[in-house]
Amino acid sequence: MANQMSDETIESIRQSNDVVDVVGEYVQLKKQGRNYFGLCPFHSENTPSFSVNQEKQIYHCFGCGKGGNIITFIMEMEGFNFQQTIHYLAEKSGQPIPEMKQSNQNAPNSEEQATLEAYQWLSKLYHHLLGHSKDGKKALAYLHERGFSDEVIERFQIGYSPTSKGFVTQFLENKGFHKQVMANAGILTTSDDGEYFDRFQGRVIFPIRNHIGKTIGFNGRTISDQEPKYLNSPESSLFRKSKLLYNFDIARSEIRKKGEVILFEGSADVIAAHQAEVLNGVASLGTSLTETHASLLRRYVDTVLICYDGDNAGQNATYKAIKLLRKVGCTIKVASLPPNYDPDQFIQEYGKEKFQSQVIEAADTEMTFIKRYLKKDFNLNLEGDRLQYVEKVIEEIAILNSTIERDHYLRELAEEFKLSYEALSQELMSRMRNVTKNDDNRQRFGNTNGGNQQKYPQKQKHQLSKAFQNAERRLLAYMLQNAQIAEKVKETIGSQFNIEQHQIIVTHLYGFYEEGNEADSSRFISYLDDINLQQTVVELSMIDNSWEMTEKELQDYIHIIQSEQTDSAKIAQLENKMKELEKTDPKEAAKVAMEIIKIKQQSKNGVSF
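The numbering of the sequence shown is our numbering, which starts it at 1 and goes up by one.
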């Protein structure tokens with residue numbers, strides 16, 4: 001692979017980052033046997049099919065087929081080019097950052113890169129101005145009045161944008177940023193006479209960071225009569241509200257530690273909760289929870305605790321969030337706040353201890369919340385409304401996966417309304433049959449919810465492959481983990497495999513070993529530029545070859561591969577003969593056809609995975 005740095009540097013950086021640790025920052029991994037498994041970050045799924053092998057330092061999804069090493073993983077997840085990935089991994093592991101020449105190939109968008117750099121500079125500037133300018137000190141006093149401590153202001157790098165129109169524009173120009181590029185990004189805006197000025201002037205600034213801690217936008221809150229009250233950065237390639245969660249970068253380690261994430265409605269609630277020592281909170285950014293948000297959370301945790309406002313809007317948003325989180329297979333809990341309280345107000349009035357004990361630790365199950373939520377639409381003093389309510393609750397119970405949960409809530413319902421448990425059970429079974437039927441239809445006719453839940457068939461093609469294909473795959477799998485076997489194969493058949501992709505891989509592999517490298521699938525992947533070749537190598541490397549290959553096995557595989565070449569030549573010769581005979585002697589042509597069929601059938605027999 002042609003890169004602007006030495007192979008030794010790349011290898012040192014790769015070895016300094018463990019694939020399980022890095023992938024584990026994006027996916028909740030659980031060890032099963034020799035590998036770690038989790039939900040694939042590259043496609044939507046509810047059952048883990050994504051495998052990480054720590055020994056070989058590779059990953060592979062048995063659902064969608066994606067695979068590679070730590071470098072390809074970061075490139076795929078972050079959209080980085082190769083050089084950006086090496087820089088990121090070096091920084092992450094405390095390695096010296098290698099000097100890299102900029103290459104036009106795969107270079108990042110220059111405007112996007114400039115915007116990202118401008119956000120980093122402005123984040124520092126605004127934070128500095130909060131405590132070191134006249135207007136900034138007024139904003140600081142406002143934050144203190146709202147209950148923000150100096151520690152939390154520092155932690156979240158809260159800042160202040162000055163009221164002076166030209167200050168920020170001049171600052172950016174001095175740093176080499178073009179005004180129009182900054183206006184395109186939504187950092188600056190223009191007046192009717194074409195003057196450039198700061199979009200967020202006169203506001204308290206809450207930096208919005210992506211999951212790796214880079215500021216990619218701002219939320220500005222007015223402290224005067226300025227409209228609107230809150231102002232976000234505009235949507236861009238960097239800033240997409242439907243894919244971002246506020247505070248995810250800071251909360252991620254606590255989320256992993258607790259195995260639970262707390263979902264708030266806004267950034268102020270997250271910061272207030274953090275100050276109350278609830279450190280695993282995140283929030284969507286001025287938008288409802290999306291399927292992308294839900295899928296992101298599910299990759300990290302099994303349990304999501306929803307802590308939205310206690311008013312009607314907050315309760316409606318909670319119900320919608322439950323529906324989305326159910327889809328991706330989350331266990332859901334719901335915190336209960338008094339009517340018209342939000343978490344920030346509750347903490348200010350009652351303190352952190354009561355917030356932790358009476359709100360977070362006392363959270364209800366999703367079903368308890370749903371029952372309470374549905375009651376608001378019915379007058380339970382009326383018989384007709386009571387029956388409709390019971391039917392609605394049964395619909396919700398039918399969706400639950402746990403038999404114990406279904407039985408528990410059905411008995412609660414029977415007792416509350418003095419109804420026959422047997423009658424409710426029959427109604428529940430009927431509802432469940434409808435749910436199952438609808439699920440079957442979705443699978444048969446495709447997903448109709450507009451989401452990303454692609455169905456990837458499990459790969460069984462290799463079980464059905466011809467003998468020579470299986471022999472080549474098995475032999476390659478051994479060659480990838482044993483240089484001596486690779487040398488023996490090289491001496492007998494060289495790169496004369498039947499499948500073109502295998503020919504290319506073994507040619508690279510011979511060169512890899514000739515350079516003095518030891519067997520290392522993760523390192524070998526870096527020698528391949530083609531993503532399809534990389535994924536094939538990963539797939540072959542995941543095959544369990546824990547036993548030693550005997551000399552007889554080796555010779556059997558080689559014989560099958562060579563036989564296919566002989567058979568192919570023989571079949572081609574017989575097919576030509578058959579075409580000639582068809583013109584003059586159909587009976588003899590039929591005999592040749594039978595001979596061809598016999599050879600083809602024999603070639604199908606052999607090893608399988």
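Glycine is no exception: its CB is placed at the ideal position from the N, C-alpha and C atoms.
> Taking the alpha-carbon positions, what's the Ala-139 to Gln-113 distance?
Replying inline: As a working mapping, residue 139 is identified with position 139 in the sequence shown. As a working mapping, residue 113 is identified with position 113 in the sequence shown. Distance between Ala-139 and Gln-113, taken at the CA atoms: about 30 Å.
> How many Å lie between Lys-179 and Arg-203 at the Cα?
Replying inline: Within the sequence shown, numbered from 1, the residue matching residue 179 stands at position 179. Within the sequence shown, numbered from 1, the residue matching residue 203 stands at position 203. Roughly 21 Å between the two C-alpha positions.
> The beta strand (DSSP E) with Gly-351 in it runs from where to where?
Replying inline: Locating residue 351 in the sequence shown gives position 351, counting from the first residue. Counting along the chain, Gly-351 falls outside any beta strand (DSSP E), and DSSP gives it neither H nor E.
> Taking all protein chains shown into account, do 16 or more other C-beta atoms lie within 10 angstroms of the C-beta of Asn-53, making it buried, or fewer, making it exposed?
Replying inline: Locating residue 53 in the sequence shown gives position 53, where the first residue counts as 1. With a 10 Å radius around the Cβ and a threshold of 16 neighbouring Cβ atoms, Asn-53 comes out buried.
> With which residues is Leu-413 paired in a DSSP beta bridge?
Replying inline: For the purposes of this step, residue 413 is taken as residue 413 along the sequence shown, with counting starting at 1. Note: Leu-413 sits in no beta bridge, so no partner.
> Assuming Thr-318 contacts Ser-242 under a Cβ cut-off of 8 Å, what Cβ separation, rounded to an integer in Å, is found between them?
Replying inline: Along the sequence shown, one-based indexing puts residue 318 at 318. Along the sequence shown, one-based indexing puts residue 242 at 242. At roughly 19 Å, the Cβ-Cβ gap does not stay under 8 Å, so Thr-318 and Ser-242 are not in contact.
> Run through DSSP, which three-state label would Phe-468 get?
Replying inline: Locating residue 468 in the sequence shown gives position 468, counting from the first residue. DSSP places Phe-468 in the helix class (H, G or I) of the three-state scheme.
> Between Glu-349, His-559, Thr-9 and Phe-264, which lies nearest to Ala-467 when the distance is taken from Cα to Cα?
Replying inline: The residue given as residue 467 occupies position 467 in the sequence shown. Taking only the C-alpha atoms, the option nearest Ala-467 is His-559.
>> The beta strand (DSSP E) that contains Leu-122, what's its start and end?
In response: The sequence position of residue 122 within the sequence shown is 122, counting from 1. Unbroken run through Leu-122 is the alpha helix (DSSP H), 110 to 132; no beta strand (DSSP E).
> Three-state secondary structure (DSSP) at Ile-692?
Replying inline: In the structure as shown, the chain begins at 1 and stops at 609. Residue 692 is therefore absent and cannot be evaluated.
>> Just verifying my parser: in three-state terms, what is the DSSP assignment at Arg-252?
In response: Reading the sequence shown from its first residue, position 252 is the one you call residue 252. If DSSP states are grouped into helix, strand and coil, Arg-252 belongs with the helices.
>> Tell me the rounded alpha-carbon separation between Pro-339 and Asn-69.
In response: As a first step, residue 339 is located in the sequence shown; it is residue number 339 there, counting from the start. As a first step, residue 69 is located in the sequence shown; it is residue number 69 there, counting from the start. For Pro-339 and Asn-69, the distance between alpha carbons rounds to 50 Å.
> What is the C-beta distance between Tyr-126 and Ser-161, in whole angstroms, given that I count them as a contact (C-beta under 8 Å)?
Replying inline: Start at 1 with the first residue of the sequence shown, and residue 126 comes out as number 126. Start at 1 with the first residue of the sequence shown, and residue 161 comes out as number 161. That pair is a contact at about 6 Å.
> Does DSSP put Arg-386 in a helix, in a strand, or in coil?
Replying inline: The sequence position of residue 386 within the sequence shown is 386, counting from 1. Here Arg-386 sits in helix by DSSP.
>> Here's the rule: buried if 16 or more other CB atoms are within 10 angstroms of the residue's CB, otherwise exposed. What is Gly-450?
In response: The residue labelled residue 450 in the question sits at position 450 within the sequence shown. Low local confidence applies: a pLDDT of 39 at Gly-450 is under 50, so the model's placement there is unreliable, and no value is given.
> Under three-state DSSP, which class holds Thr-221?
Replying inline: Locating residue 221 in the sequence shown gives position 221, where the first residue counts as 1. Correcting the residue type first, residue 221 is Arg in the shown sequence and not Thr. The answer is strand: DSSP assigns Arg-221 an E or B state.
> Distance, Cα to Cα, Lys-490 vs Glu-548?
Replying inline: Translated into positions along the sequence shown, residue 490 becomes position 490. Translated into positions along the sequence shown, residue 548 becomes position 548. Whole-angstrom Cα-Cα distance: 19 Å.
> Apart from the five residues on each side of it in sequence, which residues of its chain come closer than 7 Å, Cβ to Cβ, to Leu-279?
Replying inline: The residue given as residue 279 occupies position 279 in the sequence shown. Taken in chain order, the residues that qualify are Ala-251 and Glu-254.
> Can you tell me where the alpha helix (DSSP H) with Ser-521 in it begins and where it stops?
Replying inline: Indexing the sequence shown from 1 puts residue 521 at position 521. Element bounds for Ser-521: 521 to 525.
> Considering only residues of the same chain and omitting the five flanking positions on each side of Gln-348, which have a CB-CB separation below 6 Å?
Replying inline: In the sequence shown, residue 348 corresponds to position 348, counting from 1. The residues are Gly-147.
>> My parser needs the alpha helix (DSSP H) runs of 4 or more residues fully inside the segment 141 to 194; what are they?
In response: As far as the segment 141 to 194 is concerned, its whole alpha helix (DSSP H) runs of at least 4 residues are 150 to 155, 167 to 174 and 179 to 185.
> Sorted by chain position, which residues of the same chain lie with C-beta nearer than 8 Å to Gly-281's C-beta, five sequence neighbours on each side aside?
Replying inline: The residue you call residue 281 lines up with position 281 of the sequence shown. Hits under 8 Å: Asn-247, Ala-251, Val-261, Ile-262, Leu-263, Phe-264, Asp-269, Val-270, Ala-273, His-274 and Cys-307.
> Between the Cα of Leu-630 and the Cα atoms of Lys-327, Glu-353 and Ala-362, which residue gives the shortest distance?
Replying inline: Here the chain covers residues 1 to 609 and nothing more, so residue 630 does not appear.
> In chain order, which continuous runs of the alpha helix (DSSP H) of length 4 or greater are located wholly inside the segment 465 to 504?
Replying inline: 467 to 481 and 483 to 492
> Got a sec? Which residues, its chain only, sit under 7 Å from Trp-121 by beta carbon, not counting five neighbours each side?
Replying inline: For the purposes of this step, residue 121 is identified with residue 121 of the sequence shown, where counting begins at 1. Contacts found: Lys-175.
>> Assuming contact is defined by CB atoms lying nearer than 9 Å, are Gly-213 and Leu-238 in contact in what I supplied?
In response: The residue labelled residue 213 in the question sits at position 213 within the sequence shown. The residue labelled residue 238 in the question sits at position 238 within the sequence shown. Not in contact: Gly-213 and Leu-238 (Cβ atoms no closer than 9 Å).
> Can you round the beta-carbon distance between Val-27 and Leu-39 to whole angstroms, since I take them to be within the 8 Å contact cut?
Replying inline: By one-based count along the sequence shown, residue 27 stands at place 27. By one-based count along the sequence shown, residue 39 stands at place 39. Sure, about 6 Å apart at Cβ, within 8 Å.
>> Could you tell me the alpha carbon to alpha carbon distance between Leu-89 and Pro-96, rounded to whole angstroms?
In response: By one-based count along the sequence shown, residue 89 stands at place 89. By one-based count along the sequence shown, residue 96 stands at place 96. Distance between the alpha carbons of Leu-89 and Pro-96: 10 Å.
> Do Ser-288 and Leu-245 have their C-beta atoms within less than 9 Å of each other?
Replying inline: Along the sequence shown, one-based indexing puts residue 288 at 288. Along the sequence shown, one-based indexing puts residue 245 at 245. Contact: no.
>> With distance defined between alpha-carbon atoms, name the residue in Gly-24, Asn-35, His-60 and Lys-258 nearest to Ile-525.
In response: In the sequence shown, residue 525 corresponds to position 525, counting from 1. The option with the nearest alpha carbon to Ile-525 is His-60.
> Could you give the uninterrupted runs of the beta strand (DSSP E) lying entirely in the segment 23 to 58, keeping only those of 3 residues or more?
Replying inline: 30 to 32, 35 to 38 and 50 to 53
> Which residue's Cα is closest to the Cα of Lys-320: Glu-277, Leu-374, Tyr-341 and Tyr-300?
Replying inline: Locating residue 320 in the sequence shown gives position 320, where the first residue counts as 1. Checked all of Glu-277, Leu-374, Tyr-341 and Tyr-300; the closest Cα to Lys-320 is Leu-374.
> On the premise that Thr-215 lies in contact with Arg-613, defined as a C-beta separation below 8 Å, what is that separation, rounded to the nearest angstrom?
Replying inline: In the structure as shown, the chain begins at 1 and stops at 609. Residue 613 is therefore absent and cannot be evaluated.
> How would you call Ile-404, buried or exposed, if buried means at least 16 neighbouring beta carbons within 10 angstroms?
Replying inline: In the sequence shown, residue 404 corresponds to position 404, counting from 1. The residue is exposed, with fewer than 16 neighbouring Cβ atoms inside 10 Å.
> Cα separation between Gly-79 and Thr-85?
Replying inline: Counting from one through the sequence shown, the residue named residue 79 turns up at place 79. Counting from one through the sequence shown, the residue named residue 85 turns up at place 85. C-alpha separation (whole angstroms): 9 Å.
>> In this structure, how does DSSP classify Arg-199 when only helix, strand and coil are distinguished?
In response: Within the sequence shown, numbered from 1, the residue matching residue 199 stands at position 199. Coil.
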